[in-house]
Amino acid sequence: MMNIVVCVKAVPDPKMADKIKIDPVTKTLVRENIDLVINPLDRNALEAALQLKKTNGAHITVLSMGPPMAGNIVKECLALGADTGILLSDRAFGGADAYATAYTLAKGIEKIGAFDVVFCGMASSDGATEWVGPQVATFLRIPVVTMVHELIEDEGADWLVRAAWEEGYRKVAIRLPALFTVARDLNQPKNLSFSGILKARKKEITSWSIDDLGVSPDSVGCKGSPTIVGDFGTLETGRSVEFLEGTAEEKAERLVQILTDSGAIA
Amino acid sequence: MIDFTFTEEQEMFRKAAREFAETQVAPYVAEMEKTAKVPAGLVKALGEAEMMAITIPENYGGLGLGYTARLIALEEISRVSVATAMMLQVFALGIEPIILFGTEEQKQKYLPGLATGERLGTAAVTEATGGSDPTGIRTTYRKDGDDYIVNGRKCFITNAHIADTLTILAKSEDDPKAFCAFIVEKGMEGFRATHEEHKVGMRGCNTGELSFEDLRIPKENLLGEEGKGLKVTMAAIGDVGRGGMVGCALGLQAACLAESVKFANERILYGKPISKLATIQSKIAEMRIDLEAGRLLGYRAAAQHDATGRASNEFAVAKYFTTEAAQKAAKIAVDIHGGYGCMEEYAVSKYLRDAAVVGPSAGTSEIMKVIIARWTLG
Ligand SMILES: Cc1cc2nc3c(=O)[nH]c(=O)nc-3n(C[C@H](O)[C@H](O)[C@H](O)COP(=O)(O)OP(=O)(O)OC[C@H]3O[C@@H](n4cnc5c(N)ncnc54)[C@H](O)[C@@H]3O)c2cc1C
Numbered sequence: 001m002m003n004i005v006v007c008v009k010a011v012p013d014p015k016m017a018d019k020i021k022i023d024p025v026t027k028t029l030v031r032e033n034i035d036l037v038i039n040p041l042d043r044n045a046l047e048a049a050l051q052l053k054k055t056n057g058a059h060i061t062v063l064s065m066g067p068p069m070a071g072n073i074v075k076e077c078l079a080l081g082a083d084t085g086i087l088l089s090d091r092a093f094g095g096a097d098a099y100a101t102a103y104t105l106a107k108g109i110e111k112i113g114a115f116d117v118v119f120c121g122m123a124s125s126d127g128a129t130e131w132v133g134p135q136v137a138t139f140l141r142i143p144v145v146t147m148v149h150e151l152i153e154d155e156g157a158d159w160l161v162r163a164a165w166e167e168g169y170r171k172v173a174i175r176l177p178a179l180f181t182v183a184r185d186l187n188q189p190k191n192l193s194f195s196g197i198l199k200a201r202k203k204e205i206t207s208w209s210i211d212d213l214g215v216s217p218d219s220v221g222c223k224g225s226p227t228i229v230g231d232f233g234t235l236e237t238g239r240s241v242e243f244l245e246g247t248a249e250e251k252a253e254r255l256v257q258i259l260t261d262s263g264a265i266a
Numbered sequence: 001m002i003d004f005t006f007t008e009e010q011e012m013f014r015k016a017a018r019e020f021a022e023t024q025v026a027p028y029v030a031e032m033e034k035t036a037k038v039p040a041g042l043v044k045a046l047g048e049a050e051m052m053a054i055t056i057p058e059n060y061g062g063l064g065l066g067y068t069a070r071l072i073a074l075e076e077i078s079r080v081s082v083a084t085a086m087m088l089q090v091f092a093l094g095i096e097p098i099i100l101f102g103t104e105e106q107k108q109k110y111l112p113g114l115a116t117g118e119r120l121g122t123a124a125v126t127e128a129t130g131g132s133d134p135t136g137i138r139t140t141y142r143k144d145g146d147d148y149i150v151n152g153r154k155c156f157i158t159n160a161h162i163a164d165t166l167t168i169l170a171k172s173e174d175d176p177k178a179f180c181a182f183i184v185e186k187g188m189e190g191f192r193a194t195h196e197e198h199k200v201g202m203r204g205c206n207t208g209e210l211s212f213e214d215l216r217i218p219k220e221n222l223l224g225e226e227g228k229g230l231k232v233t234m235a236a237i238g239d240v241g242r243g244g245m246v247g248c249a250l251g252l253q254a255a256c257l258a259e260s261v262k263f264a265n266e267r268i269l270y271g272k273p274i275s276k277l278a279t280i281q282s283k284i285a286e287m288r289i290d291l292e293a294g295r296l297l298g299y300r301a302a303a304q305h306d307a308t309g310r311a312s313n314e315f316a317v318a319k320y321f322t323t324e325a326a327q328k329a330a331k332i333a334v335d336i337h338g339g340y341g342c343m344e345e346y347a348v349s350k351y352l353r354d355a356a357v358v359g360p361s362a363g364t365s366e367i368m369k370v371i372i373a374r375w376t377l378g
């Protein structure tokens with residue numbers, strides 16, 4: 001039977017985006033009072049795994065790195081149909097950038113052991129780097145296809161997928177084990193169901209700390225993160241109105257001027 | 001120590017119900033308002049989301065969850081569509097008498113289909129001559145061999161035209177104190193759904209009349225004991241009926257508050273959002289106080305029912321409070337919207353119409369007070 005690992009991230013609810021603030025000192029998101037949800041694209045990743053499980057049978061392990069509270073998100077994945085949940089949680093993992101996150105997740109996957117497929121969302125709604133998936137694949141030394149829109153052939157060990165790139169689509173033939181980062185239109189994730197929630201009563205979540213992974217504190221979390229956040233600012237958006245006066249020619253001239261200044265026409 | 005927090009699992013139920021309401025119910029709301037018809041796709045979606053299965057025991061194909069889980073689901077659905085919550089609440093009203101009083105055969109025959117939504121339920125008690133006073137009904141039964149022959153009419157019955165399995169109440173032709181509850185199935189000879197009502201609110205939730213003309217009901221369809229039918233229907237109305245209306249009302253209160261907050265933050269007057277005006281703040285605070293109090297009353301009654309199997313008095317208090325509060329909230333929400341509140345493009349105008357309809361079902365506010373006074377005075 002196929003073993004699938006799905007990496008999921010707990011992110012602040014995008015519906016509450018207007019309430020999210022950035023701490024000017026630590027330059028990280030202030031997460032208090034914001035509900036955590038499964039990163040929307042990770043639901044597509046999980047759905048891909050669930051559909052494979054339905055057609056061919058599979059064991060799905062959900063892997064997440066985050067604070068203990070992210071356990072709720074793992075539980076939700078179990079309620080959606082995943083079989084096993086693993087939460088990588090340790091103070092030492094805190095403050096990780098994409099690189100340290102990918103390293104920690106890769107170590108988690110190594111500890112899980114046998115796997116055929118790793119699914120990740122293409123990006124997280126809060127970080128949006130699109131780097132974690134490919135970096136996990138690199139740490140695991142397996143091939144990766146990013147921005148997967150369709151699994152054309154997904155039986156056996158030789159897969160064919162359709163994936164986006166800058167100028168259209170590519171079809172990629174790939175041998176498992178491999179990692180795929182998935183796009184939104186790969187599938188339509190199913191809703192959480194009451195019976196799924198009841199089934200999750202019997203499913204366990206395992207929590208692994210830095211000791212369980214046996215990694216150096218310097219390679220994870222804040223210390224293992226090469227990223228340095230420079231200056232950041234808040235974009236102000238607003239609307240303004242200007243009534244054009246004068247003759248038709250003057251108005252046209254002024255209009256061309258405004259459009260040129262705004263960059264709308266060259 | 002009283003624990004007022006929802007469990008992690010209950011929070012997940014809420015999330016599931018909210019997701020369902022926002023993705024599967026919301027797309028039907030405009031159509032329901034326009035046509036006042038029950039969309040077939042919506043009923044199918046309710047079934048697929050196991051919404052009818054919540055309170056049905058597991059060995060009959062249900063989820064075996066209690067009233068708290070049900071209240072969570074109803075509140076979340078009602079936030080999006082009071083009409084849909086009402087429909088769902090009355091499905092359960094038809095199901096509960098079978099759970100409480102049904103024989104093993106009846107349970108096995110009806111509950112699995114009702115749990116999946118393949119069969120739809122309702123309870124039909126009210127008649128022109130008896131709403132608040134169900135003993136005033138004129139639908140009668142008489143025995144004919146092993147069967148019962150029923151004649152009469154019912155009015156204001158939710159799901160009248162879509163229900164397949166109906167719990168009905170009839171009075172003995174000979175003894176005005178003897179009532180029987182029966183399971184009636186759509187398609188039985190002599191049974192018809194007749195007039196369809198046009199309600200001011202909750203459009204898209206079907207309400208109508210039923211007619212029984214020499215309706216022959218086999219004795220296997222008698223619910224509970226012969227002559228003791230009033231108990232069968234009243235037990236269901238007391239807990240499921242009132243509890244369900246609490247769910248409809250709480251969702252409506254929450255929706256009124258959410259729309260009011262949104263509008264108050266967006267509407268600029270005197271150079272600032274009207275949410276900065278003290279009078280508007282006072283209105284918002286009032287709605288919040290009522291919502292918090294309503295939730296405490298409603299979920300307290302539900303939790304008590306889950307723990308002890310009884311909470312009809314507590315549900316009467318919660319039903320009174322929340323349905324009154326929902327009407328108040330809808331009025332305040334419309335007021336906050338000024339002229340916009342009178343326009344159909346704004347959801348609050350619909351909330352006001354929906355609020356007008358949450359009162360009478362499962363007993364009017366006056367009847368709730370009668371019950372609460374009886375409880376209090378002994
Ligand atoms: C949308 C909707 C859906 C419904 N669905 C169903 C359903 O599925 N099945 C069903 O059987 N019924 C249903 N009903 C009927 C509902 O239960 C009755 O409308 C309700 O019980 C009130 O009865 P009535 O309409 O006959 O009013 P009445 O009983 O005639 O009441 C008239 C007035 O008298 C007051 N009153 C009555 N008795 C007293 C008293 N003792 N003390 C003080 N005041 C009193 C009432 O509060 C009210 O103000 C539904 C009603 C509505 C509006």
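Protein sequence lines correspond, in order, to chains A and B.
Be aware that the first sequence starts at 1, since it is given in UniProt numbering, and climbs by one per residue.
Be aware that the second sequence starts at 1, since it is given in UniProt numbering, and climbs by one per residue.
Every residue gets a Cβ at the ideal spot worked out from N, C-alpha and C, and that includes glycine.
| Which residues mark the beginning and the end of the beta strand (DSSP E) in which T165/B is found? | In the second sequence, counting from the first residue as 1, residue 165/B sits at position 165. Looking at the DSSP string, the run of the beta strand (DSSP E) that includes T165/B is T165 to S172.
| message | Let's see if you can read the secondary structure: which residues bound the beta strand (DSSP E) around E225/B? | response | Position 225 of the second sequence, counted from the first residue, corresponds to residue 225/B. Where E225/B is concerned, there is no enclosing beta strand (DSSP E), given that its DSSP letter is neither H nor E.
| request: Under the assumption that G227/B contacts F179/B (Cβ atoms under 8 Å), give the Cβ distance between them as a whole number of angstroms. | output: To locate residue 227/B, count along the second sequence from 1; it is residue 227. To locate residue 179/B, count along the second sequence from 1; it is residue 179. Indeed, because the Cβ distance is near 7 Å, the residues count as touching under 8 Å.
| Nearest neighbour of A173/A, chosen from A157/A, L105/A, Q188/A and I112/A [CA to CA] | If you number the first sequence from 1, residue 173/A lands on position 173. With distances taken between Cα atoms, A173/A lies closest to A157/A.
| message | Run through chain A and tell me which residues come within less than 8 Å of L63/B, C-beta to C-beta. | response | Here residue 63/B refers to the residue found at position 63 of the second sequence. Those within 8 Å of L63/B in chain A are F194, S195 and L198.
| said: Let me confirm a value: G117/B is counted as buried when at least 16 other C-beta atoms fall within 10 Å, else exposed. Which label applies? | reply: The count along the second sequence starts at 1 and reaches residue 117/B at position 117. Its Cβ being crowded by 16 or more others within 10 Å, G117/B is buried.
| query | With burial defined as no fewer than 16 other Cβ atoms inside 10 Å of the residue's Cβ, what is the status of Q253/B: buried or exposed? | reply | Taking the first residue of the second sequence as 1, we reach residue 253/B at position 253. It counts as buried.
| task | Run through the segment 122-180 of chain A for me and flag every whole beta strand (DSSP E) of 3 or more residues, listed as ranges in chain order. | result | 144-153, 158-165 and 168-175
| request: Could you check the C-alpha separation between T78/B and G251/B for me, to the nearest Å? | output: The sequence position of residue 78/B within the second sequence is 78, counting from 1. The sequence position of residue 251/B within the second sequence is 251, counting from 1. The sequence given here places Ser at residue 78/B; Thr does not occur at that position. Per the coordinates, the alpha-carbon of S78/B lies some 4 Å from the alpha-carbon of G251/B.
| said: Can you find the residues in the same chain that come closer than 6 Å, C-beta to C-beta, to I197/A, ignoring five residues on each side of it along the sequence? | reply: Against the first sequence, residue 197/A aligns to sequence position 197. Once the five neighbours on either side are set aside, the close Cβ partners of I197/A are A79.
| said: Among A333/B, V358/B, G339/B and V348/B, whose alpha-carbon lies nearest the alpha-carbon of T323/B? | reply: For the purposes of this step, residue 323/B is taken as the residue at position 323 of the second sequence. The candidate whose alpha carbon is nearest that of T323/B is V358/B.
| task | Under 7 Å Cβ to Cβ from R184/A, same chain only, skipping five residues before and after it: list those, please. | result | In the first sequence, the residue the question calls residue 184/A occupies position 184. Contacts found: L41 and N44.
| query | chain A partners of residue 381/B, CB-CB under 7 Å? | reply | No answer is possible for residue 381/B: it lies beyond the span of chain B, which begins at 1 and ends at 378.
| message | So R242/B and G338/B are supposed to be a Cβ contact under 8 Å. How far apart are they, rounded? | response | As a position in the second sequence, residue 242/B is number 242, starting the count at 1. As a position in the second sequence, residue 338/B is number 338, starting the count at 1. Incorrect: roughly 35 Å between the Cβ atoms, too far for contact.
| said: For a contact defined as C-beta to C-beta under 8 Å, what are the partners of E76/A on chain B? | reply: By one-based count along the first sequence, residue 76/A stands at place 76. By Cβ distance, chain B contributes M12 and K15.
| request: Following the continuous alpha helix (DSSP H) through M287/B, name the residue where it begins and the one where it ends. | output: In the second sequence, residue 287/B corresponds to position 287, counting from 1. Taken as a continuous stretch (DSSP letters only), the alpha helix (DSSP H) holding M287/B covers A278 to T308.
| request: Kindly list, in the order they appear in chain A, the residues whose Cβ is closer than 9 Å to that of E50/B. | output: Along the second sequence, read from residue 1 onward, the residue named residue 50/B stands at position 50. Correct list: S193, F194 and S195.
| message | Along the chain, where does the beta strand (DSSP E) containing L63/A start, and where does it finish? | response | As a first step, residue 63/A is located in the first sequence; it is residue number 63 there, counting from the start. Per DSSP, L63/A belongs to the beta strand (DSSP E) from A58 to M65.
| field | Range of the contiguous beta strand (DSSP E) that encloses A123/B | value | On the second sequence, position 123 is the one that residue 123/B refers to. Run containing A123/B: G121 to A124, per the beta strand (DSSP E) assignment.
| query | Which residues, in order along the segment 67-98 of chain A, keep a beta-carbon less than 8 Å from a beta-carbon of chain B? | reply | N72, K75, E76 and A79
| request: With a cut-off of 8 Å on the beta carbons, I'd call V38/B and I162/B a contact; round off their distance for me. | output: What you label residue 38/B is simply residue 38 of the second sequence in a count that begins at 1. What you label residue 162/B is simply residue 162 of the second sequence in a count that begins at 1. Contact holds; Cβ gap of about 6 Å.
| field | Candidates K21/A, I4/A, K53/A and T84/A, of which the one nearest residue 269/A by Cα | value | Lying outside 1 to 266, the shown extent of chain A, residue 269/A is not represented and no answer is given.
| query | Given a threshold of 16 other Cβ atoms within 10 Å of its Cβ, counted over all protein chains shown, does A333/B qualify as buried or as exposed? | reply | If you number the second sequence from 1, residue 333/B lands on position 333. Buried, by the Cβ-count rule.
| said: Quick check for students: name the residue ranges of the beta strand (DSSP E) that lie wholly in the segment 51-129 of chain B, counting only runs of 3 or more. | reply: 121-124
| Beta-carbon contacts of Y270/B that lie in its chain and below 7 Å, excluding the five residues immediately before and after | One-based indexing of the second sequence puts residue 270/B at position 270. Annotation for Y270/B: no residue places its beta carbon closer than 7 Å to its own, counting only its chain and skipping 5 residues before and after.
| If you drop the 5 nearest sequence neighbours on each side, which residues of the same chain put their C-beta closer than 6 Å to that of residue 404/B? | Nothing about residue 404/B can be reported from this structure: the residues present for chain B run from 1 to 378 only.
| task | Inspect the beta-carbon positions of K171/B and T140/B and report whether they are closer than 8 Å. | result | Within the second sequence, numbered from 1, the residue matching residue 171/B stands at position 171. Within the second sequence, numbered from 1, the residue matching residue 140/B stands at position 140. Contact flag set, yes.
| Cα-Cα separation between L296/B and F6/B, rounded to whole angstroms | As a working mapping, residue 296/B is identified with position 296 in the second sequence. As a working mapping, residue 6/B is identified with position 6 in the second sequence. Distance between the alpha carbons of L296/B and F6/B: 12 Å.
| Under the three-state DSSP convention, the category S193/A falls into | If you number the first sequence from 1, residue 193/A lands on position 193. Residue state, collapsed to three classes: coil.
| said: For I98/B and K107/B, I'd like the C-alpha separation in whole angstroms. | reply: Working through the second sequence from its first residue, we reach residue 98/B at position 98. Working through the second sequence from its first residue, we reach residue 107/B at position 107. Their backbone Cα atoms lie some 6 Å apart in a straight line.
| message | Between which two residues does the alpha helix (DSSP H) holding E185/B run? | response | The residue labelled residue 185/B in the question sits at position 185 within the second sequence. Counting along the chain, E185/B falls outside any alpha helix (DSSP H), though it belongs to the beta strand (DSSP E) covering F179 to E185.
| query | Does the pairing of the segment 131-138 of chain B with the segment 222-236 of chain B give three or more beta-carbon distances under 8 Å? | reply | Yes: the two stretches touch, three or more of their Cβ pairs being nearer than 8 Å.
| Does the distance from the CB of I107/A to the CB of S64/A come in under 8 Å? | Sequence index remark: in the first sequence, residue 107/A carries index 107 (1-based). Sequence index remark: in the first sequence, residue 64/A carries index 64 (1-based). Looking at the sequence itself, residue 107/A is Lys, so the reference to Ile does not match. No, they are not a contact pair.
| With a Cβ-Cβ cutoff of 8 Å, do A163/A and V132/A count as a contact? | Looking up residue 163/A in the first sequence gives position 163. Looking up residue 132/A in the first sequence gives position 132. Not closer than 8 Å, so no.
| task | Going by DSSP, name the residue or residues bridged to S207/A. | result | Here the question's residue 207/A lines up with position 207 in the first sequence. In the DSSP output, where bridge partners are listed per residue, S207/A has L87/A.
| Does the beta carbon of E9/B come closer than 8 Å to any beta carbon on chain A? | Here residue 9/B refers to the residue found at position 9 of the second sequence. Output row for E9/B: interface = yes.
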